[in-house]
Each structure stands twice: as C-alpha cells, then as structure tokens.
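Structure record follows, encoded as structure tokens.
Number of protein chains: 2
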Amino acid sequence: MNIAGLYGPVRDDLNAVEERLRQLSLTESPSLNALLGHVLNHGGKRLRPALTLLIGKTYGTDLDLLAPMATAVELFHTATLVHDDTVDASSLRRGRPTVNNLYGGAKAVLFGDYLFAVAAELASMTGNLRVVTLFAQTLRTVSSSELTQSFRNFDLSQSRQRYYGSIASKTASLFVLAAESAAVLSEASNAIVTACREYGYNLGMAYQIVDDILDFVGAEEDLGKPVGADLLRGVVTLPVILAIERNPEDKRVARLLEMRSEEAVQDLLRLASSEAMIVESYRIAADFCAKAHAHARELPVGDARQSLLDLTTYVTARKS
Amino acid sequence: MNIAGLYGPVRDDLNAVEERLRQLSLTESPSLNALLGHVLNHGGKRLRPALTLLIGKTYGTDLDLLAPMATAVELFHTATLVHDDTVDASSLRRGRPTVNNLYGGAKAVLFGDYLFAVAAELASMTGNLRVVTLFAQTLRTVSSSELTQSFRNFDLSQSRQRYYGSIASKTASLFVLAAESAAVLSEASNAIVTACREYGYNLGMAYQIVDDILDFVGAEEDLGKPVGADLLRGVVTLPVILAIERNPEDKRVARLLEMRSEEAVQDLLRLASSEAMIVESYRIAADFCAKAHAHARELPVGDARQSLLDLTTYVTARKS
Chain Y
1 MNIAGLYGPV RDDLNAVEER LRQLSLTESP SLNALLGHVL NHGGKRLRPA
51 LTLLIGKTYG TDLDLLAPMA TAVELFHTAT LVHDDTVDAS SLRRGRPTVN
101 NLYGGAKAVL FGDYLFAVAA ELASMTGNLR VVTLFAQTLR TVSSSELTQS
151 FRNFDLSQSR QRYYGSIASK TASLFVLAAE SAAVLSEASN AIVTACREYG
201 YNLGMAYQIV DDILDFVGAE EDLGKPVGAD LLRGVVTLPV ILAIERNPED
251 KRVARLLEMR SEEAVQDLLR LASSEAMIVE SYRIAADFCA KAHAHARELP
301 VGDARQSLLD LTTYVTARKS
Chain R
321 MNIAGLYGPV RDDLNAVEER LRQLSLTESP SLNALLGHVL NHGGKRLRPA
371 LTLLIGKTYG TDLDLLAPMA TAVELFHTAT LVHDDTVDAS SLRRGRPTVN
421 NLYGGAKAVL FGDYLFAVAA ELASMTGNLR VVTLFAQTLR TVSSSELTQS
471 FRNFDLSQSR QRYYGSIASK TASLFVLAAE SAAVLSEASN AIVTACREYG
521 YNLGMAYQIV DDILDFVGAE EDLGKPVGAD LLRGVVTLPV ILAIERNPED
571 KRVARLLEMR SEEAVQDLLR LASSEAMIVE SYRIAADFCA KAHAHARELP
621 VGDARQSLLD LTTYVTARKS
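Residue numbers (this note's numbering), protein chains in the order written: chain Y, 1 to 320; chain R, 321 to 640.
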C-alpha cells in the first residue's frame, strides 16, 4: 500500500501545505532558514496534515481555512521531534543527522521553541477559538506526558494501561488535534466531531504501537535509527510489557530490574522481539485500527473518506 | 522605592494570580508538581502580571478576564528563563539552583515546553482571539530572537541598533504582550491600545538595559549570579557597545575580537564597567522611561495609573 496513493484526493492541498512550509524557510535570518530547510525537507510522511486535509475534504471545506491548521500540526510534530532528539541526545532521525547533532543542544532547544511558536501562530490564524484552545491543550498533554515519562525510564513495572495512557498523550493526542480541528473548521455536527476525535485517537494509538514494534523488528535502513533504540535508553513499550506479562516467573525479568546491564537489556530485547510478542502487539494495533475504521465510516461517502478508511490498513502494514 | 508599594492598587489581584500559580503545582504528577513548586515559589517580582493587572485596573476590568492572562504572561516568562538557563548551562538563578542544575538539561527542556503550553492554554481561556494571536506572535518573536542571538555570541561588531532590536524582541515584547493584552481585554480604544504597546515597549527596553548594566556593576548577592556573566558567555550588551563606540582606536578591542582569552574578556569587562559607560547607559535607559511615562499618562487618572507612572522610576532605580 502506497501512502502517496492514499493522499490522492488531497494531493494539491498537501502541495499547498508543502509550499507554506517551504516559504517559511525563506523569511527568517539565514541561520534560521538553514535550520528550517534541514528539518522541513526530509521527505517525511506528512500523515498528520493529510488527516486534517482529508477530513476537511469530506465536507468540501475551504483550503484557506484548513491549510494553516494542517501546517500548524506538522510544525507542532516537527517541534516535538527536535526537542525529543535533543533530550535523548539522538544523532540520527530518518537516517539524517538531528538538529542537536549538527548545531548542538542549545540551538536545538531554541529552534524547537521557535517551531512551537510558529505552529501556535498558524493555529491562531484559523480565527477559531475552539481550535486554538485544542491546540494549546494538546501541547500541554504532549509535554506533560513526555516529562512524566522521563521520570519513569527503566521502570519495568509499567502496566499496559499506563503504556496506553502514555502513547495516547504522546502520539494519539496530535492525531486527535489534526482530525478534530478539521471537523470543527468544517462546522461538522458534534457527533462528527466526536467521531473524528475517536478516529484520530485510535489511528494514533495503532500508529505508535507499530512504531514501537518496528523498534524491535524493523530494518535499520528503513527506520534510520538503530534497532532496539527505545529499550536501550530505558523506554518500555508494548512488546516488552507483553514479554513481562507472559513470563511472570522469569528470573531474567527480575534480574533486569536490578542490573540494567547491557547484557540484561539484550536478553530482554530478544524476549520482546520473539514472534509471539510481535504477533500479539500487531493484533492489539489492529484492534485500534478496526475502531478507527468504524468511526471514519460516519463521515460523508467519497474518495477522501475512502483514503481515511484505507489509512487504517496502511498504519499496520508500513515498514517505517 | 518599594515594588510592593507600587503594586498596592492590585495587591488582591496579584494574590489571585499567585494562588492560580500555586494551584497549578497541586494538579499534576508528584514529580511535575515538585518542578512547578521550585520555579514558581522564588519570590520573583511578578512585574509582567502586575502590568496586566494595573492597566486592567485603570479601566475597572473584570479580574476573571485579566487573571488568566496575567498568569499566562508570568508562565511564559518563567518558561523562557528555564530554557535560557538550560541553553546557557547556568547553575544559579535568583541565587537558587536552576532546573537544569537540579534535574538535568533533558527534563528542563521538557519542563519549559510544558510551561509554554500551560501559558498558551491560559491565554486561550481569555476567549479573545486577538489576545491569543498576540500571545503566539510574541512567542515567535522571543524564540526567533534568542535563536538568532545564539549565532551571534562574541560578535563585537554588533551595533547599538542591533542591540536594541535584540532586547526589543527578547524582553520588551513580553512587556508589550502584558500591557497590550490588558488594553484589548479592557476593550480600550485603538489609541489606548497603542499607548499601552508603547508603554510596555519602552518600559521593557529600560528594564533590559538596567539588567545589562547590573550585570557589570551589581552586587553578586543582589543578582544571584556572578558579575559579568553575560560577557563571559559572549553576550554583547549596551555598556560593551558604548565602550567600543567610544574607543574606536583602542587596540584592546581589536585584540579581543581575535583572542577571546579570559584575560582579554576581563580587559573589556573593566572598560565596560567604567563610570562613563555606566552613566551613559543609565541615561539611555532613562530616555526610554521618559517615553513610557508619557504614554502611561494617556490612561485614566487614578491609583493604578500612578503606579504605572512610578514603575518607570523604579525600573532604573532597582538594584536587582
């Protein structure tokens, strides 16, 4: 399944967003323009702005209203990546050097702030107070969750529910913002706004679970980062939680909690990468996708809705 | 001149803002609450929220409308301090350990993001789109300026105009936000909104110039940080610029540009701290204060306006 094909109904609209992003990197000081060019021209999937545009398209909503919000959502996402990479001291993202790697952590912090600010400004350009409030609330949800998570690294006692709460805040919340804001800007009914929220939430949950699966079984060249990177820096995800749930008596797990040695982490990595854990993780992702699919069916029939439905399949089938 | 005395007309309102800040640190996870408690209970001056409240008071504006914005402005300011300290790897702020010092840079980055988010959420609670847009624009101004400045450290060729542009973006913009948003929320005329902008701008310029003077002549125990700290990390401020302007033939300045040695920086520190440069810097700050004073006179007569007028004197008289 090809993502470009799914974007068909909003290809021109996505190009308009791409042009807005490109224009951004022409208007600031030369040093800032270079930074913008580096993070915005990476060939990312643009999945979040596509959600906004596809949902708006099902209602024939004016692009002038949707494009600032779609651009805001992409910049918000980019800002969180820049700060996450800085916080984790990651050197690669999508196979390219990170901002903190190229420019140092100090500039990466300030640049992330700048991206959040431009995103907030674009959100306010919609002129819709409900959307602006949703934007601010999402920013709070994402950042408070990242912060709380940072106090929990290497906590192997994390339950599945806590993991769901964490990825809901970190990832699904931004999918919700992308989807719900499109429904609000389209002046859809409350029932549809709720359906779009639920679609965004469930699609985002599945997306992050697959991300976490790919951290164990993905190919390094597809991911653009080392396999097992999350676990190595102490982030406990679904395959690990399932491995611990399934092996309550396993002395290795108890030992890992105490030792945190490289060898112990490699043991857990093997356990979490086993076929049973990966299959079960994919099954859980598919459950979320099924729910997303059901909610998308509440939208008006057409090409754009079909893409939203097909995205629920794409999300679990993707390799990177 | 006592700042608490100047706040007299809005003492209860400031207490309400203080209570909102205190409540914030009771509602999150224990680790996040501890961080909030650390940065919010520092006995800071609360000058920016006081501006919002005093201007609102001259129009008898409802505190329920002003308090969220005043709180937003203080949190915005706090967020920039947390990120600035992280970027500069500063260990002390107001004589107390910084967040990055206590918790490490990674948590400080995420915590600053969280503070920006809560501030944005509070700004959106005013329900006033013009204020929300102003908030986002100010965030962009501050962050793009900080970033541009970070590429310019140890650039001794900076002109006075460039310095003014830099402190306008970094400091005065937030005073403008505090003042202008109060006028907008008070439904004041366009002429008054402009007067409040100008008041905030000029007061903010004077405030930052005095900050930069105190970096050279303040007592370490008043400042809570080492004397000359800005210059030591390469930030060129008004006394330095004046010293360079006044001594175009001085070989020391040229040498400094090449050497950047500890000894060369100490030479420049002495030159910038000389009485002539400090007196001239204070004269320039006083000019900005005089303009702020003139603009504040356009507001309705009363105790609150008197405090706004007196603040222009306080700003240059303060010792920390």
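Heads up, the beta-carbon is just placed ideally off N, CA and C, and yes, glycines get one too.
As the structure is a prediction and not an experimental result, all values here were calculated from the model.
DSSP places arginine 233 (chain Y) in the coil class of the three-state scheme, outside both helix and strand.
Given a length threshold of 4 residues, each whole run of the alpha helix (DSSP H) inside the stretch 56-96 of chain Y is given here in chain order: 63-88. The Cβ atoms of valine 142 (chain Y) and leucine 174 (chain Y) sit closer than 8 Å to each other.
Glycine 127 (chain Y) reaches chain R at Leu449, counting residues in chain order whose Cβ is nearer than 8 Å.
Burial of glycine 228 (chain Y) is indicated by the presence of at least 16 other C-beta atoms within 10 angstroms of its C-beta. Under the Cβ distance rule, tyrosine 434 (chain R) counts among the residues neighbouring chain Y, one pair being separated by less than 8 Å.
Here valine 39 (chain Y) has Thr78, Val82, Val99 as same chain residues with Cβ atoms under 7 Å from its own Cβ, once five neighbours each way along the sequence are excluded. DSSP, reduced to helix, strand and coil, places valine 301 (chain Y) outside both helices and strands of the structure shown, so it counts as coil. Under the Cβ distance rule, glycine 485 (chain R) does not count among the residues neighbouring chain Y, no pair being separated by less than 8 Å. The CB of leucine 92 (chain Y) never comes closer than 7 Å to any CB in chain R; the least such distance is about 18 Å. Where aspartate 570 (chain R) is concerned, there is no enclosing alpha helix (DSSP H), because DSSP gives it neither an H nor an E. For leucine 352 (chain R), the enclosing alpha helix (DSSP H) starts and ends at 350-360.
Counting only residues of its own chain and dropping the five nearest sequence neighbours on each side, valine 438 (chain R) has a CB closer than 6 Å to the CB of Leu395.
The C-beta of glutamate 28 (chain Y) comes closer than 8 Å to at least one C-beta of chain R. Here proline 68 (chain Y) is not near alanine 304 (chain Y), since their CB atoms are 8 Å or more apart. Here DSSP, grouped into helix, strand and coil, assigns tyrosine 7 (chain Y) to coil.
Look at the stretch 63-91 of chain Y: the residues with a C-beta under 7 Å from a C-beta of chain R are His83, Thr86, Val87.
Boundaries of the alpha helix (DSSP H) harbouring glycine 200 (chain Y): 190-217, taken from the DSSP string. Listed along chain Y, the residues sitting closer than 7 Å to glutamine 457 (chain R) by beta-carbon distance are Glu121. Separation of valine 513 (chain R) and glycine 622 (chain R) (C-alpha to C-alpha, rounded to the nearest whole angstrom) is 18 Å. Per DSSP, the unbroken alpha helix (DSSP H) holding alanine 292 (chain Y) starts and ends at 275-296.
No Cβ-Cβ contact shorter than 8 Å links valine 73 (chain Y) with arginine 94 (chain Y). Counting the other Cβ atoms within 10 Å of the Cβ of proline 300 (chain Y) gives fewer than 16, which makes it exposed.
Around the Cβ of lysine 57 (chain Y), a 10 Å sphere holds 16 or more other Cβ atoms; the residue is buried. Taking 7 Å as the cut-off between beta carbons, the residues of the stretch 26-57 of chain Y near chain R are Glu28, Ser29, Ser31, Leu32, in sequence order. Contact annotation: in the stretch 147-179 of chain Y, residues whose CB is within less than 8 Å of a CB in chain R are Leu147, Thr148, Ser150, Phe151.
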